[in-house]
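Residue numbers (my numbering): 384 to 849. One structure below.
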Amino acid sequence: MNQFILACGIYLMLFSCVYTLTDRESFFQQGLINWVERDTFSNSEIENLHLGGHSTHETGTMHGRFKELEIFGPLNGAFKHETHAQAASAQMIENNPGECINDWEILQKILNLATEAQKYGGALKTKGEKLMIAVKHLDNGVDLFKNGSELEMFIINALEDLQREDLKVDERLWNLSVLQILQSFLPRGELQAIRLDPTTGPVSRGGLELFLSKDNDFSRLWIEGVSSGILDSFPENDYIIEILKQVELIVNIRNKLQLSEALSPTLIEIDDSLIQRSSLSNPAIVKSLTLKSMQHMNEKTTSTQETRCLFRILQHLWTFFPNSRRCIKTNVDANHHFKQISKIIQCQSKLKPHIEQYLEGGDIDPYMANLFLSLNSWNLCLDFLKDRLHLLHIQDSALKGGQAETYGLDIKKKEKYFFDQDTFIDLMVIARTDYPELGRYLDSQVEMDTRLDQPIKDINLCHQSC
Numbered sequence: 384m385n386q387f388i389l390a391c392g393i394y395l396m397l398f399s400c401v402y403t404l405t406d407r408e409s410f411f412q413q414g415l416i417n418w419v420e421r422d423t424f425s426n427s428e429i430e431n432l433h434l435g436g437h438s439t440h441e442t443g444t445m446h447g448r449f450k451e452l453e454i455f456g457p458l459n460g461a462f463k464h465e466t467h468a469q470a471a472s473a474q475m476i477e478n479n480p481g482e483c484i485n486d487w488e489i490l491q492k493i494l495n496l497a498t499e500a501q502k503y504g505g506a507l508k509t510k511g512e513k514l515m516i517a518v519k520h521l522d523n524g525v526d527l528f529k530n531g532s533e534l535e536m537f538i539i540n541a542l543e544d545l546q547r548e549d550l551k552v553d554e555r556l557w558n559l560s561v562l563q564i565l566q567s568f569l570p571r572g573e574l575q576a577i578r579l580d581p582t583t584g585p586v587s588r589g590g591l592e593l594f595l596s597k598d599n600d601f602s603r604l605w606i607e608g609v610s611s612g613i614l615d616s617f618p619e620n621d622y623i624i625e626i627l628k629q630v631e632l633i634v635n636i637r638n639k640l641q642l643s644e645a646l647s648p649t650l651i652e653i654d655d656s657l658i659q660r661s662s663l664s665n666p667a668i669v670k671s672l673t674l675k676s677m678q679h680m681n682e683k684t685t686s687t688q689e690t691r692c693l694f695r696i697l698q699h700l701w702t703f704f705p706n707s708r709r710c711i712k713t714n715v716d717a718n719h720h721f722k723q724i725s726k727i728i729q730c731q732s733k734l735k736p737h738i739e740q741y742l743e744g745g746d747i748d749p750y751m752a753n754l755f756l757s758l759n760s761w762n763l764c765l766d767f768l769k770d771r772l773h774l775l776h777i778q779d780s781a782l783k784g785g786q787a788e789t790y791g792l793d794i795k796k797k798e799k800y801f802f803d804q805d806t807f808i809d810l811m812v813i814a815r816t817d818y819p820e821l822g823r824y825l826d827s828q829v830e831m832d833t834r835l836d837q838p839i840k841d842i843n844l845c846h847q848s849c
């Protein structure tokens, strides 16, 4: 066992990690690790990714648990928070907690979500059962809107689930669907509405997702997704997926900036634009954010942490907004640095779906997970890719040289290791379209099937030093 732990430690030390140990501890305390954007995994983190484990900090009160989740707001410290005005109708509902819910259509949506979740299976089966218990008397005047009630427990548990970085898209959409409907009943009785607008004070991740999605009907999307069998594969340009990725981006930025002593006014302005409901729906604002991000990256005074954040912002804008892509392409010829940024973003936009698919496959080897995740690096270049191939060669040599156990590898999983290696080489083949020099390097180091332009099983990788 000691030998295995030592070997894993040596493996992880081989990588140029973006996060320090102190960074990781701080991020884990708030449950904000962004799995896809991470450059490295530890063994326990990888296990947690597929077990779906997460911890909840009990504070003794439901109010305290709500407050722990409300961590997203404008970075501008001078921003003035507004107070929500209570509508007269909402006040009337609050004063009549026992009044039954007469809108059958709304009630039916909740029951449909509970029923479909139980049919769907997995983690959602249990959630559907709990929802059914929480709302079973919603239509007959029973007072459900009390502190400590099953309904309040369900709401806080759903918000805590949405705070998780490893939550799958089907579970995220289902939780948002239920909360969106329940929010239409609140405030009521002793229960307050979920804060959604970050300009009125800090919000939870789920609250921000509901806020940015405007009036889109999550429950309709979820039910249609289940019936059509596409719940796990919405197209990348789908509006709701863009919103979920936008919030994921905001979480990732906040993770990276937690330990920064001072932030530039430019980055604060860009970040605060991302949490505004109307920003990215305005083509002019998208273009402005693109130009500001590129220009700020190019300034010598911009810190490494801010550069990484700006790079992620440009990745997001490139992926979802055609006018941002046009803006970047227009500027690449005028500036060599912009040209390099454009190349990296284009390459990673092709690699990212394959990396996500690999990480969702289960039975992940920590060494290979780090290799795959390292391809998300903002300083992707030919030498960097060569170095990844050399690290792949280290594992390959251990497996073929009879030293698997010495390096903490499970000899029973030998074929799985080789399969993962082939998958990684496949990504290098994709990357060669943006890095022609990589193609020539691969041709000299890796035996290829000339008919399919695909790697062959059990090849000798990187025989020379990289």
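Where is the CB? At the ideal position from N, CA and C, for every residue including glycine.
Just to confirm my understanding: we take residue 569, look at its own chain, exclude 5 residues before and 5 after, and list those with CB closer than 6 Å. What are they? Walking along the sequence shown from the start, residue 569 turns up at place 186. Here the set comprises 576.
With 16 other CB atoms within 10 Å as the buried threshold, where does residue 639 fall? The residue you call residue 639 lines up with position 256 of the sequence shown. Buried, because 16 or more other Cβ atoms sit within 10 Å of the Cβ of residue 639.
Notebook entry, point to check: If we count Cβ pairs, one from each stretch, closer than 8 Å, do we get three or more for the segment 666-676 versus the segment 596-606?
Noted result: no
Q) In terms of alpha-carbon separation, which member of 766, 765 and 555 lies closest to residue 624? A) Looking up residue 624 in the sequence shown gives position 241. Selected option, being the one with the closest Cα: 555.
Rounded C-alpha distance that separates residue 807 from residue 755 = Here residue 807 refers to the residue found at position 424 of the sequence shown. Here residue 755 refers to the residue found at position 372 of the sequence shown. Distance between the alpha carbons of residue 807 and residue 755: 7 Å.
Whole-angstrom distance between residue 517 and residue 704, CA atom to CA atom:
Indexing the sequence shown from 1 puts residue 704 at position 321. Indexing the sequence shown from 1 puts residue 517 at position 134. For residue 704 and residue 517, the distance between alpha carbons rounds to 40 Å.
- prompt: Quick one: what does DSSP say residue 455 is sitting in, helix, strand or coil?
  reply: In the sequence shown, residue 455 corresponds to position 72, counting from 1. Here residue 455 sits in strand by DSSP.
Review point. If you draw a straight line from the C-alpha of residue 487 to the C-alpha of residue 764, how long is it?
Key: By 1-based counting over the sequence shown, the position of residue 487 is 104. By 1-based counting over the sequence shown, the position of residue 764 is 381. The alpha-carbon atoms of residue 487 and residue 764 are separated by roughly 58 Å.
Candidates 586, 507, 498 and 448: which alpha carbon is nearest residue 456's? In the sequence shown, residue 456 corresponds to position 73, counting from 1. Comparing Cα-Cα distances from residue 456 to each of 586, 507, 498 and 448, the minimum goes to 586.
* To do: Measure the CB-CB distance between residue 589 and residue 657 and report whether it falls below 8 Å.
  => Numbered from its first residue, the sequence shown carries residue 589 at position 206. Numbered from its first residue, the sequence shown carries residue 657 at position 274. No, Cβ-Cβ distance for residue 589 and residue 657 is not below 8 Å.
(request) Alpha carbon to alpha carbon, how far is residue 621 from residue 489? Give it in angstroms, no decimals. (result) On the sequence shown, position 106 is the one that residue 489 refers to. On the sequence shown, position 238 is the one that residue 621 refers to. Between residue 489 and residue 621, the C-alpha separation is close to 25 Å.
What separation, rounded to the nearest whole angstrom, lies between the Cα atoms of residue 511 and residue 749?
Indexing the sequence shown from 1 puts residue 511 at position 128. Indexing the sequence shown from 1 puts residue 749 at position 366. Roughly 33 Å between the two C-alpha positions.
ask   = Using a Cβ-Cβ cut-off of 6 Å (strictly less than) and excluding sequence neighbours within five positions of residue 497, which residues of its own chain qualify?
value = For this step, residue 497 is matched to residue 114 along the sequence shown. Hits under 6 Å: 511, 514 and 515.
Determine, using beta carbons only, whether residue 539 and residue 601 come nearer to each other than 8 Å.
Sequence index remark: in the sequence shown, residue 539 carries index 156 (1-based). Sequence index remark: in the sequence shown, residue 601 carries index 218 (1-based). Between residue 539 and residue 601, the C-beta spacing is not below 8 Å.
Can you list, in chain order, the stretches of the alpha helix (DSSP H) that have 4 or more residues and sit fully within the segment 694-776? 705-715, 719-742 and 749-757
Exercise. So residue 458 and residue 779 are in contact, right, with Cβ under 8 Å, and what is the actual spacing, rounded?
Worked result: The residue given as residue 458 occupies position 75 in the sequence shown. The residue given as residue 779 occupies position 396 in the sequence shown. No, residue 458 and residue 779 are not in contact; Cβ-Cβ is about 45 Å, not under 8 Å.
- Could you tell me whether the Cβ atoms of residue 492 and residue 500 are closer together than 8 Å? Locating residue 492 in the sequence shown gives position 109, where the first residue counts as 1. Locating residue 500 in the sequence shown gives position 117, where the first residue counts as 1. Taking 8 Å as the Cβ cut-off, residue 492 and residue 500 do not qualify as a contacting pair.
Q) Would residue 725 pass as a contact of residue 712 if the rule is Cβ separation under 8 Å? A) Translated into the one-based positions of the sequence shown, residue 725 becomes position 342. Translated into the one-based positions of the sequence shown, residue 712 becomes position 329. Cβ distance < 8 Å, so residue 725 and residue 712 count as in contact.
Quiz prompt | Per-residue burial, residue 774 [other beta carbons within 10 Å of its own, 16 or more giving buried] | solution = Translated into positions along the sequence shown, residue 774 becomes position 391. The residue in question, residue 774, is buried, as its Cβ has 16 or more Cβ neighbours within 10 Å.
### Task
Run the CB neighbour count on residue 740, radius 10 Å, all protein chains shown included, and call it buried at 16 or more, exposed below.
In the sequence shown, residue 740 corresponds to position 357, counting from 1. Exposed.
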